[in-house]
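Have a look at the structure below, then the notes.
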């Protein structure tokens, strides 16, 4: 792939990216959330079309306009969420839509199971073709997914035909030579146990040995060194570096991922820390375990972590959206139990959810009615809303936040930044003192970002406490007073704003103890 | 609230339909016939009020016709047992409301799909009505009760006035109360509404309760008009009510629509039936025409919406 460029409205997701994959090599693709890894792979797999650049396979220029084109070229992608039909067998899933038929339409079951057995044996997987996918563990499902991905490729055709397979395995490059076979895996181990990981890695090595070119996207540095041959680090839609694995060290990798110009200016105003507003003690359950921290008046507590580290889950527990299964929550020193978000709101906790379209707004309602939504009971008399009460409450807030819309416009017509301001506005009218902002500036233009930061300053100045979850390190460093770093459902470390650097936060988020400078192998 | 342009479209459709019938048959555009249409529409129009609440909130209620039958036979039986209307009326309304609340509780606390829950209630309420009456209609009531359907104020039939009152009250609830706001909010985005601190389950339960109440009100008028409470009454009412709601521009996805639209939708259905009868169209053919009108109306609506959104 050469000079790949892709822009979405408002952002350039990829800006001249080069990536070269070799048959038989495992190519590790690293980068922070939003660095452009997924976009690049979506272009390779035909889910997106590129704006510029070219793709060559075995030296021949190809156009990939749809997933169908990618499949025809032997490109297979295994996404984080598996796409299997749980109530069908392993064999049925692998050959879904491509099952061998006879007598004009009837599935040839013996042939189906036979082919599946051969394919599985060939891939070194010990799975029963007749087993229901719903009965399998996650690693086994992943294997089914891999087998499915490879079932239509030249690789599998070769293995289905035993004589061809004999030739193919004798000459590994031959297979890849006839039809390129590229396998992309997006964080395949995120939900696997270490034994399952070992199985998966053995399989990946076998595939590579057969001449499949593998792209492996991961956040885990240990995996990079266990199975990688080459490594490419991406940041902000560009490739930082591509190196053979022998030539990089862990601290070097972390630096490549994190290093960026701190050109963004953050209008942080520090406020004297006040009394404790919220204390979280040993909260666990689901992906979370043993999380304890406290939030004080006047501070912004940043929470860093990779996708899936449990940050949003934690936010939802504190905001009453999910039940707190283990541990306890204390608001201003008193223990509280939240059954529903309304209970948390009654204790002055307001959540700005991660996904504003799905969780923050009612798209068909007006700006004023969205802002007034949490305050219905207070606004109404005997359940009746006077004609102007919602706009009377919402207008000053919308004006204060500089929401560029009339109060009677449905919010679905607003831009991302203005929508986010409306979600923020919902919590400004009430008695909320504990704000939980989950990715407050995602998909928001620069101007609106600064306004949101200014709003955070005003909130802390009047004695509120803010928990800010963000995947943008500069924002976390720029706006937080303290930063908690989460890793796999636990609190990895706490870093004071003064001591925080991108490298430190990122190392902790990656699960490395403070080892970036020592350069130890993992 | 300003009536969105889309409902003017439905209104224009109604007027166009009336104009065509005026040309085709001299009997259509007479005061007595129009009042007749309004009267006949009233029952579907009232049931459709409840349906509109439910569909606005993103649900569906298939049990309305069976609840009409059950409330009706409870009303008829208790009247015949010698109870006064002051006892029988609240009793039958309570039966309707309870059926609705049961639907709502199963949907919100039980987490079951509304389609399944109300499909079950549709069968249960129908069965209960049949069991209660041993399958026989309960007929013959005191004129003081029948006046609810046969009476007139001036020249306007009582059911038309009752329907108007129900629509006015329901419109007020929907546009001027927190409950009404939550109906739209829940249908528009249930999770966002929950995260805003609205007690979702309580309100969803109440929404189905409203639908049950509307079915019971329709049962009162139906029983009074027929002078008979029949356990097989209200068959297919759910489909007429859904049709009126959807023709009136309410989105089956929830969160978008209005009662004004539903009223126009119910009138379109009523005018169409009446006109086809006047024209002597066979009842078999009528079903085909009505089905086609429903599909075409929603098709136009969908096309207009698609245009508006781009």
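Protein chains in written order, with my numbering: chain A, 4 to 525; chain B, -10 to 299.
All residues carry an ideal CB built from backbone N, CA and C; glycine is no exception.
Every unbroken alpha helix (DSSP H) within the stretch 50 to 113 of chain B, with a cutoff of 4 residues, ordered by chain: 53 to 69 and 74 to 97
Start-to-end residues for the beta strand (DSSP E) that takes in residue 471 of chain A: 468 to 472
Within 8 Å, do at least three Cβ pairs link the stretch 208 to 224 of chain A to the stretch 88 to 100 of chain A? no
Mark residue 200 of chain B as exposed unless 16 or more other C-beta atoms lie within 10 angstroms of its C-beta, in which case mark it buried. buried
Using 8 Å as the threshold, is the stretch 485 to 505 of chain A in touch with the stretch 324 to 340 of chain A, meaning 3 or more CB pairs across them? no
Could you work out which residue in A/18, A/424, A/412 and A/389 is closest to residue 406 of chain A when comparing CA atoms only? A/424
Selection from B/3, B/152, B/290 and B/46 that minimises the alpha carbon distance to residue 206 of chain B: B/152
Helix, strand or coil at residue 216 of chain B [DSSP, three-state]: coil
So the candidates are A/281, A/305, A/304 and A/321; which of them puts its Cα closest to the Cα of residue 287 of chain A? A/321
Around the C-beta of residue 18 of chain B, are 16 or more other C-beta atoms found within 10 angstroms, so that it is buried, or is it exposed? exposed
With DSSP collapsed to three states, give me the class of residue 117 of chain A. helix
Quick check on residue 12 of chain B: buried or exposed, where buried means 16 or more other Cβ atoms within 10 Å of its Cβ? exposed
Pull up the distance between the alpha-carbon of residue 395 of chain A and that of residue 79 of chain A, whole angstroms please. 56 Å
Using DSSP's beta-bridge definition, name the partner residues of residue 9 of chain A. A/17
Listed by chain order, chain A residues near residue 185 of chain B by CB distance under 7 Å: 376, 377 and 429
Residue-chain proximity (residue 148 of chain B, chain A), Cβ-Cβ < 9 Å: no
Excluding the 5 residues preceding and the 5 following residue 503 of chain A in the sequence, name in chain order all residues of the same chain whose CB lies nearer than 7 Å to its CB. 480 and 486
Just the chain B side, please: which residues come within less than 7 Å of residue 199 of chain A by C-beta, in chain order? Those within 7 Å of residue 199 of chain A in chain B number zero; the least Cβ separation is about 32 Å.
Residue 19 of chain A to residue 337 of chain A, Cα distance in whole Å? 55 Å
Residue 108 of chain A, DSSP secondary structure in three states: coil
When the cut-off is 9 Å and only beta carbons count, does residue 41 of chain B lie next to chain A? no
Alpha helix (DSSP H) segment containing residue 86 of chain A, residue limits: Looking at the DSSP string, residue 86 of chain A is not in any alpha helix (DSSP H), and its letter there is neither H nor E.
Under 9 Å between C-beta atoms of residue 400 of chain A and residue 349 of chain A: no
List, from N- to C-terminal side, the beta strand (DSSP E) runs of 3 residues or more that fit wholly inside the stretch 200 to 237 of chain A. 216 to 220
At 8 Å on the CB atoms, spell out the chain A contacts of residue 168 of chain B, in chain order. 386
Complete runs of the alpha helix (DSSP H) confined to the stretch 429 to 487 of chain A [at least 4 residues]: 449 to 464 and 476 to 482
Please identify the residue among A/443, A/483, A/154 and A/39 whose C-alpha is closest to the C-alpha of residue 299 of chain A. A/483
Between the beta-carbon of residue 317 of chain A and the beta-carbon of residue 352 of chain A, is there less than 9 Å? no
Tell me which residues share the same chain as residue 447 of chain A and place their Cβ nearer than 8 Å to its Cβ, disregarding the 5 neighbours each side in the sequence. 419, 420, 423 and 455
CB-CB under 6 Å to residue 289 of chain B, same chain, minus the five flanking residues each way: which ones, in chain order? none
Contact set for residue 366 of chain A: own chain, Cβ-Cβ below 8 Å, skip 5 residues either direction: 360, 413, 414 and 415
Under 7 Å, CB to CB, which of the residues in the stretch 93 to 105 of chain A have a partner in chain B? none
When we look at the beta-carbon of residue 194 of chain B and count the other beta-carbons within 10 Å, is it buried (16 or more) or exposed? buried
Please check if any C-beta of chain A sits within less than 9 Å of the C-beta of residue 165 of chain B. yes
Does any residue of chain E have a CB that is nearer than 9 Å to the CB of residue 182 of chain B? No chain E is present in this structure, whose protein chains are A and B.
Does the Cβ-Cβ distance between residue 234 of chain A and residue 247 of chain A come in under 9 Å? yes
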